[in-house]
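A quick write-up on the structure given underneath.
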Amino acid sequence: CSAAKGGLVECLAGHPVGAQIVIALVFYRDDSSGERVESGRAFRSACEPLLIGDDVNGFLTGAGVAIRMEIDTCLRFGSGWIFGGHCASELEVAGCSPLSASGSVFIPKKLRSVRSVLNIESGDSGCFLCCLLAGLFPWSGPHPDGCTGCVVRG
Numbered sequence: 070c071s072a073a074k075g076g077l078v079e080c081l082a083g084h085p086v087g088a089q090i091v092i093a094l095v096f097y098r099d100d101s102s103g104e105r106v107e108s109g110r111a112f113r114s115a116c117e118p119l120l121i122g123d124d125v126n127g128f129l130t131g132a133g134v135a136i137r138m139e140i141d142t143c144l145r146f147g148s149g150w151i152f153g154g155h156c157a158s159e160l161e162v163a164g165c166s167p168l169s170a171s172g173s174v175f176i177p178k179k180l181r182s183v184r185s186v187l188n189i190e191s192g193d194s195g196c197f198l199c200c201l202l203a204g205l206f207p208w209s210g211p212h213p214d215g216c217t218g219c220v221v222r223g
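The working numbering puts the first residue of the sequence shown at 70, with every later residue one more than the last.
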């Protein structure tokens, strides 16, 4: 765990990342003929975005609790599987850019025509704020595409 913490702190020193913990365990049980059958299973924490300065200890603690709950559930409802051992532990890290200015996503025409996706384009860092405002205060004018702009005043 200390190696994972050190690696995660080092990655966070330069840029935000998305991280998750993966634990691989072995389980066994006896089949109907009395032979021992082994099976491996991987348990993953949620992949969480971590920003520069975030609490790494909090992330690791939360990931450990989530994985322990998954393992307990597997043992309770796992049809007689018994814990056999630990195979591997991994920290998976990927760079991420949670919010970027001028961000928009290409939406295929089929989805655009149904009007089921909110894809606000903005030339500044207010994209996320515009999306929140549009969700909280939907346009109630005569035409669904009537709102053509959003002014954010600081």
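Every residue gets a Cβ at the ideal spot worked out from N, C-alpha and C, and that includes glycine. Please read all numbers here as calculations on a predicted model, not as lab measurements.
Three-state class that DSSP yields for residue i in the structure shown
i	result
A163	strand
A115	coil
G204	helix
G87	strand
G153	strand
Residues bridged to residue i (per DSSP)
i	result
R105	D99
C158	Correcting the residue type first, residue 158 is Ser in the shown sequence and not Cys. The partner list for S158 (beta bridge, DSSP) reads I92.
Test item: CB-CB of residue i and residue j under 7 Å
i	j	result
R110	L94	yes
G81	L129	In the sequence on display, residue 81 carries Leu and not Gly. Going by C-beta atoms, L81 is not nearer than 7 Å to L129.
L77	V125	yes
G149	R98	yes
C116	G87	yes
Boundaries of the alpha helix (DSSP H) in which residue i is found, first to last residue
i	result
D141	V125 to R145
A73	S71 to L81
L120	Run containing L120: none; DSSP gives neither H nor E here.
S182	K178 to V183
Residue i to residue j span [Cα, whole Å]
i	j	result
S102	S71	43 Å
G83	I136	28 Å
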